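For what it's worth, the numbering used here labels the leading residue of the sequence shown as 1475, then goes sequentially. Backbone N, C-alpha and C fix where the C-beta goes; we use that ideal spot for every residue, glycine too. All values derive from a computational prediction rather than experimental measurement. Written out below as structure tokens is the structure these notes cover.
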Amino acid sequence: MNQELFKKNRKKIFDQMIDNSIFVIFSRKNGDDDIFKQSYNVNRNYFYVSGVLEYENIVVLTKINNKTTEMIFINPYDEFKAKWVGAPKSKEEITELSGITDVRYLDKFNSNLLSLLSYCNNLYLDFIPTEIDSNLDEDRLFAKNIKEKMPWINILNGRKLFSVARTIKEPEEIEEMKKAIEITNKGIQNILAHMGSMYEYQLESYFDQAIKYYGATGYAFPTIAASGKNATCLHYMENKDIAKDGDLILFDLGCSLNMYCSDISRTFPVSGKFSPRQKQLYDIVLKGQEVVFNNAKPGVTTKELNQILVKYYEKELKNIGLINKPEDVFKYYYHGVSHHIGLDCHDLCEYDKLKPGSIISNEPGLYIEEENIGIRIEDDILITETGAEWLSPQIIKTTKAIEEFIERNRK
Ligand code: GLY
Ligand code: MN
Ligand code: MN
1475 MNQELFKKNR KKIFDQMIDN SIFVIFSRKN GDDDIFKQSY NVNRNYFYVS GVLEYENIVV
1535 LTKINNKTTE MIFINPYDEF KAKWVGAPKS KEEITELSGI TDVRYLDKFN SNLLSLLSYC
1595 NNLYLDFIPT EIDSNLDEDR LFAKNIKEKM PWINILNGRK LFSVARTIKE PEEIEEMKKA
1655 IEITNKGIQN ILAHMGSMYE YQLESYFDQA IKYYGATGYA FPTIAASGKN ATCLHYMENK
1715 DIAKDGDLIL FDLGCSLNMY CSDISRTFPV SGKFSPRQKQ LYDIVLKGQE VVFNNAKPGV
1775 TTKELNQILV KYYEKELKNI GLINKPEDVF KYYYHGVSHH IGLDCHDLCE YDKLKPGSII
1835 SNEPGLYIEE ENIGIRIEDD ILITETGAEW LSPQIIKTTK AIEEFIERNR K
């Protein structure tokens, strides 16, 4: 990804900052992650404005008398670190990645910030939402220290600025997510090529192998491989049981590529063939996904999309005799149909009504515990000016295509 994206991202934050304010964005540190350089856990908002994957760095954006400046504080070269986990990026490398030319070392951060704060009273911090005030995170501790030293400073929660900016994706972000989706497709094909009765974690491992092979830089979230009744628990993640012939197995999986996530679900027959009942229910979910897609457009809310799906289910489930009363739908469908996707699988979003450039999931499901059946079909869609576009159309989905693929590729 190139620095032009991160320049655009910073502009979206600057545009929302009030005059005479400073935004301090930490990359954060995560215990042992530091030693193993699991840089893909850096604060997403820090990455969003810098494109840099390193801990302990700090981006500072200022808007003083309506003039903006940007700087980034980094670790200097460290021979010990170089030998253990690789050297921190140099000033030149940081500029190349981020487009920020004012790169300083961290030992100057405190004094530099204090002098900047003498020009303006407003300090934005990127507070993680939490209800546990006693457990102060880095930003809250920092705010507390600043307040003690300079009680007149007005501390503002800047997270909303990121929510607003990140709700709408740039073309480069959409491209990265399409690539993450294609890698996910490769992982799903590898699962299907090995489909059969075995432990859920063994089937999961074919996804792991393929996404690594095709260059994924991480997982979007822990993979769900839930067979039979396990699939009626929405976020079953133990993946420890044997998937049995005759059962369906629900995979909810995704990878990340340069921090951008995919989020896909598919449900497959372990034996390679759907039973007539499984096919009937599967096709109801699949048609539900079309119904949601056909209604996804700017101005609609994800809540409304869910209501449309529920209305559709009320009719369909009554038709097949699964329910008598409309409210019984919630016995078999108990989540929302959409969330935003981006740097986080459940991405930040600010607006209720969808806007062009948002990427959301389309993930109807049906979960019938008494029949040991859980089905979810999830694709990622881009909201366009007039409607929506499938971002994952290449991933196998109809019962016919799934059965044929398994038959053809049986190892
Ligand atoms: N993979 C989690 C979700 O679909 O929300
Ligand atoms: Mn999912
Ligand atoms: Mn999802």
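Residue i Cβ short of 7 Å to ligand 1 heavy atom set
i, result
"Phe1695", "yes"
"Ser1467", "The shown model of the chain, from 1475 to 1885, leaves out residue 1467, and the question about it has no answer."
"His1668", "no"
"Lys1729", "The amino acid at residue 1729 is misidentified as Lys; the sequence shows Cys. It does not: the Cβ of Cys1729 is nowhere closer than 7 Å to a heavy atom of ligand 1."
"Glu1852", "yes"
"Cys1819", "yes"
Reference residue i; option with closest CA among the options
i, options, result
"Ile1849", "Tyr1786, Ile1857, Gln1752 and Asn1768", "Gln1752"
"Gly1702", "Tyr1673, Phe1695, Lys1485 and Ser1589", "Tyr1673"
"Lys1714", "Thr1873, Asn1595 and Ser1671", "Ser1671"
"Ile1876", "Ala1639, Gly1746 and Ser1812", "Gly1746"
"Lys1481", "Lys1623, Val1516, Ala1556 and Glu1644", "Glu1644"
"Ile1602", "His1814, Lys1718 and Arg1502", "Arg1502"
"Asp1859", "Ile1642, Tyr1693 and Leu1479", "Here the sequence assigns Glu to residue 1859, which means Asp is not the residue at that position. When each option's Cα is compared against that of Glu1859, the closest is Ile1642."
"Ala1694", "Met1669, Leu1817, Arg1740 and Ser1592", "Leu1817"
"Asn1631", "Ala1684, Asn1531 and Ile1487", "Ile1487"
"Val1638", "Leu1865, Asn1519, Lys1805 and Ile1499", "Asn1519"
"Glu1863", "Thr1873, Ile1834, Glu1845 and Glu1646", "Ile1834"
"Leu1783", "Leu1796, Gly1795 and Gln1763", "Gln1763"
"Gly1646", "Lys1618, Ser1749, Lys1565 and Gln1477", "The identity of residue 1646 in the sequence shown is Glu, whereas the question assumes Gly. For the residues Lys1618, Ser1749, Lys1565 and Gln1477, the minimum Cα distance to Glu1646 belongs to Gln1477."
"Gly1795", "Pro1550, Gln1754, Phe1497 and Asn1494", "Gln1754"
"Lys1618", "Phe1636, Leu1599, Gln1663 and Arg1633", "Leu1599"
"Asn1768", "Phe1742, Leu1588, Phe1879 and Ile1857", "Ile1857"
"Asn1531", "Lys1541, Asn1540, Val1759 and Val1516", "Val1516"
"Leu1822", "Ile1880, Asp1757 and Lys1634", "Lys1634"
"Thr1718", "Ile1880, Asn1836 and Val1744", "It should be noted that the sequence gives Lys, not Thr, for residue 1718. When each option's Cα is compared against that of Lys1718, the closest is Val1744."
"Met1624", "Ser1589, Phe1636, Lys1652 and Glu1656", "Ser1589"
"Met1491", "Met1475, Glu1544 and Glu1528", "Glu1544"
"Gly1573", "Tyr1551, Val1559, Asn1846 and Arg1484", "Arg1484"
"Leu1724", "Tyr1675, Glu1553 and Ile1568", "Tyr1675"
"Val1534", "Phe1554, Ala1556 and Asn1596", "Asn1596"
"Tyr1756", "Lys1555, Ile1842 and Asp1552", "Ile1842"
"Leu1479", "Glu1622, Leu1571 and Phe1554", "Leu1571"
"Ile1620", "Leu1587, Arg1640 and Phe1636", "Leu1587"
"Arg1640", "Ala1561, Lys1777 and His1820", "His1820"
"Thr1542", "Cys1594, Glu1553 and Ala1561", "Cys1594"
"Gly1861", "Phe1879, Arg1884 and Ser1832", "Ser1832"
Distance cut-off 7 Å: residue i Cβ against heavy atoms of ligand 3
i, result
"Asp1737", "yes"
"His1709", "no"
"His1813", "yes"
Beta-carbon proximity of residue i to residue j, cut-off 8 Å
i, j, result
"Ala1705", "Leu1722", "yes"
"Val1811", "Tyr1787", "no"
"Leu1791", "Tyr1808", "no"
"Ser1730", "Ala1654", "yes"
"Val1523", "Lys1563", "no"
"Gly1661", "Ile1685", "yes"
"Glu1852", "Asn1732", "no"
"Lys1537", "Ser1585", "no"
"Phe1547", "Phe1497", "no"
"Cys1735", "Ile1815", "yes"
"Phe1742", "Leu1666", "yes"
"Leu1865", "Ile1855", "yes"
"Glu1612", "Phe1521", "no"
"Val1766", "Asn1664", "no"
"Ala1690", "Ile1648", "no"
"His1668", "Tyr1680", "yes"
"Leu1591", "Ile1627", "yes"
"Val1759", "Pro1838", "yes"
"Val1559", "Thr1569", "no"
"Tyr1579", "Pro1550", "yes"
"Asn1540", "Asp1489", "no"
"Thr1872", "Phe1748", "no"
Check: residue i C-beta below 7 Å from any heavy atom of ligand 5
i, result
"Ser1835", "This structure lacks ligand 5; the ligands present are ligand 1, ligand 2 and ligand 3."
Heavy atom of ligand 2 within 7 Å of residue i beta-carbon
i, result
"Glu1678", "no"
"Asp1489", "no"
"Asp1611", "no"
"Asp1726", "yes"
"Glu1553", "no"
Min CB distance residue i to chain C below 8 Å
i, result
"Gly1831", "Chain labels in this structure do not include chain C; a single protein chain is all it has."
Entirely enclosed alpha helix (DSSP H) segments - the stretch 1633 to 1719, minimum 4 residues: 1633 to 1641, 1645 to 1667 and 1674 to 1687
State whether the stretch 1772 to 1786 contacts the stretch 1828 to 1837, with contact taken as three or more CB pairs (one from each stretch) at a distance under 8 Å. yes
Which ranges would you report for the beta strand (DSSP E) in the stretch 1535 to 1567 if only whole runs of at least 3 residues count? 1541 to 1548
Report the start-end ranges of each alpha helix (DSSP H) in the stretch 1755 to 1839 that is 4 residues or longer and not cut off at the edges. 1776 to 1793 and 1803 to 1806
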